[in-house]
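Below: the structure, in structure tokens.
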Amino acid sequence: MSFNETDAKPLFLRGPSLGTRVFLFAVASILLMILDQREHHLTTIRNTLSVAVYPIRALADLPFSAQEWLHETFAARARLQEQNARLRHRQLVIAAKLQRFAALEAENTRLRELMDSTAQVADRILVAEIMAVDLDPYRHRIALNKGTRDGVYQGQAILDAQGIVGQVTRAEPLSSEAVLISDPSHAMPVQVNRNGLRTIAVGTGDIARLALPFLPNNADIRPGDLLISSGLGGGFPAGYPVARVAQVDRAPGEPFAKVSAEPMAALNRDREVLLVWSRVETPEFVEAEDDGAGEPPAEPIGDPTAAPPAEEEPAVPEDEPE
Numbered sequence: 022m023s024f025n026e027t028d029a030k031p032l033f034l035r036g037p038s039l040g041t042r043v044f045l046f047a048v049a050s051i052l053l054m055i056l057d058q059r060e061h062h063l064t065t066i067r068n069t070l071s072v073a074v075y076p077i078r079a080l081a082d083l084p085f086s087a088q089e090w091l092h093e094t095f096a097a098r099a100r101l102q103e104q105n106a107r108l109r110h111r112q113l114v115i116a117a118k119l120q121r122f123a124a125l126e127a128e129n130t131r132l133r134e135l136m137d138s139t140a141q142v143a144d145r146i147l148v149a150e151i152m153a154v155d156l157d158p159y160r161h162r163i164a165l166n167k168g169t170r171d172g173v174y175q176g177q178a179i180l181d182a183q184g185i186v187g188q189v190t191r192a193e194p195l196s197s198e199a200v201l202i203s204d205p206s207h208a209m210p211v212q213v214n215r216n217g218l219r220t221i222a223v224g225t226g227d228i229a230r231l232a233l234p235f236l237p238n239n240a241d242i243r244p245g246d247l248l249i250s251s252g253l254g255g256g257f258p259a260g261y262p263v264a265r266v267a268q269v270d271r272a273p274g275e276p277f278a279k280v281s282a283e284p285m286a287a288l289n290r291d292r293e294v295l296l297v298w299s300r301v302e303t304p305e306f307v308e309a310e311d312d313g314a315g316e317p318p319a320e321p322i323g324d325p326t327a328a329p330p331a332e333e334e335p336a337v338p339e340d341e342p343e
């Protein structure tokens with residue numbers, strides 16, 4: 022079999038050389054740039070291509086955008102949580118201090134002098150969180166996340182932003198247990214802010230009611246009176262709101278009036294409370310008193326050295342005969 026030479030095909034088809042193609046592409050690029058700069062004929066084409074390519078660009082940028090968004094979201098959330106906790110603590114401390122100022126404004130000079138001389142509240146306070154609440158309706162107890170390691174002691178007063186909450190009954194190293202003022206077994210000395218009338222407020226087992234069972238039938242008390250802590254007994258600092266008188270019943274012939282009051286503190290809604298150190302219970306104050314108690318004996322020790330001048334006083338009578 023014979024093959025014609027015309028039927029033979031070259032193995033590789035030869036086209037324009039590489040240099041020729043580069044030159045043609047360069048000339049075409051220059052022409053396109055000149056047309057786009059002067060005539061703006063390619064604006065529509067470029068816009069169309071940019072729209073077509075945008076999903077690809079967005080898809081390529083998606084991992085970086087998602088990472089940045091997640092980082093900003095969690096960082097902002099953490100900052101907001103920290104700021105919120107700090108502001109809530111600050112608001113709680115300020116509200117507790119304002120309670121005392123409001124009480125002091127309403128008191129007369131005698132009561133202010135009494136509080137200044139007998140029961141001053143130290144500046145030391147501690148914010149504690151309520152970890153648990155006793156489910157027994159007749160035992161109004163709460164558990165706090167602060168203990169003796171933080172300086173908490175048995176009998177320490179507990180406040181919230183509105184008033185007195187209760188008192189620590191048991192302090193452990195890492196936690197403590199407190200009784201609310203509404204517990205039936207709890208009683209505390211209070212006084213009427215309007216006139217200084219002192220009495221005892223007793224828990225009733227009702228979270229929204231206290232009883233004042235020891236007021237005479239003719240006692241000067243009426244609904245709306247604010248009851249504040251008197252500071253007597255040393256358990257609670259003086260001048261903090263406790264309750265507001267809600268009802269006064271005076272039955273003829275009865276020796277005592279039936280008086281009930283509503284606690285100022287949000288006993289069933291608190292999540293954070295303040296532990297307050299009274300002046301007499303603050304360890305620093307106790308140490309200062311102990312140091313001061315040791316100083317007076319040092320003065321009598323030096324008195325014998327000053328005794329000889331006292332013996333020279335009889336020299337005065339020697340002048341009398343003259």
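My numbering numbers the first residue of the sequence shown as 22 and each following residue consecutively. Positions of the beta carbon are idealized from the N, C-alpha and C atoms, including for glycine.
For residue 225, the secondary structure class from DSSP, reduced to helix, strand or coil, is coil. Note that the C-beta distance between residue 162 and residue 200 is below 8 Å.
Judged by their CB atoms, residue 247 and residue 210 are not nearer to each other than the 8 Å cut-off. Residue 261 sits buried, since 16 or more C-beta atoms from the chains shown fall within 10 Å of its C-beta.
Taking all protein chains in view, the Cβ of residue 168 is crowded by 16 or more other Cβ atoms within 10 Å, so the residue is classified as buried.
Annotation for residue 146: 114, 117, 295, 296, 297, 298 place their beta carbon closer than 8 Å to its own, counting only its chain and skipping 5 residues before and after. Distance from the Cα of residue 157 is smallest, within the candidate group 204, 189, 187, for 204.
Three or more Cβ pairs closer than 8 Å define a contact, and the segment 278-288 meets that threshold against the segment 178-188. A distance of 8 Å or more separates the beta carbons of residue 264 and residue 236.
Each residue's CA atom was taken as its position, placing residue 68 and residue 38 some 34 Å apart. Spatial neighbours of residue 275 in its own chain (CB-CB distance under 7 Å, excluding positions within 5 residues in sequence) are listed in chain order as 238. Taking a 10 Å sphere around the C-beta of residue 187, we find 16 or more other C-beta atoms and assign the residue as buried. For residue 265, the enclosing beta strand (DSSP E) has its first and last residue at 262-270. Taking C-alpha positions only, residue 228 is separated from residue 106 by approximately 27 Å.
Residue 259 sits buried, since 16 or more C-beta atoms from the chains shown fall within 10 Å of its C-beta. By the neighbour-count criterion, in which 16 or more other beta carbons inside 10 Å mark a residue as buried, residue 196 falls on the buried side. Leaving aside the five residues that flank residue 45 on each side, the residues in its chain whose CB is nearer than 8 Å to its CB run, in chain order, 37. For residue 237, DSSP records a beta bridge to 277. Linking residue 226 to residue 251 through their CA atoms gives a straight-line distance of about 22 Å.
Counting along the chain, no beta strand (DSSP E) covers residue 169, and no H or E run does either. Contact annotation: residue 150 and residue 283 have beta-carbon atoms that are not nearer than 8 Å. Looking at the DSSP output, residue 198 sits in a beta bridge with 164, 191. Within a 10 Å sphere around the beta-carbon of residue 213 sit 16 or more other beta-carbons, which makes this residue buried. In the three-state reduction of the DSSP assignment, residue 115 falls in the helix class. Going by DSSP, residue 179 is part of the beta strand (DSSP E) stretching over 178-180. According to the DSSP assignment, residue 242 belongs to no beta strand (DSSP E), since it is labelled neither H nor E.
Rounded to whole angstroms, the gap between the alpha carbons of residue 51 and residue 88 is 41 Å. Taking the Cα of residue 173 as reference, the smallest distance to any Cα among 194, 58, 202 is reached at 194.
Its chain contains 212, 251 as the residues whose beta carbon lies nearer than 6 Å to that of residue 219, once the 5 sequence neighbours on both sides are disregarded; these appear in chain order.
Sequence-distant partners of residue 99 (beyond 5 residues in either direction) whose C-beta falls short of 6 Å from its own C-beta are missing from its chain. Only residues of its own chain outside the window of five on either side were considered, and among them 175, 198, 199, 200 have a CB closer than 7 Å to the CB of residue 190, listed in chain order.
Ranked by Cα distance from residue 192, the options 73, 110, 244, 170 are led by 170.
Taking a contact as a CB-CB distance under 8 Å, the pair residue 269 and residue 244 counts as one, their CB atoms being some 6 Å apart.
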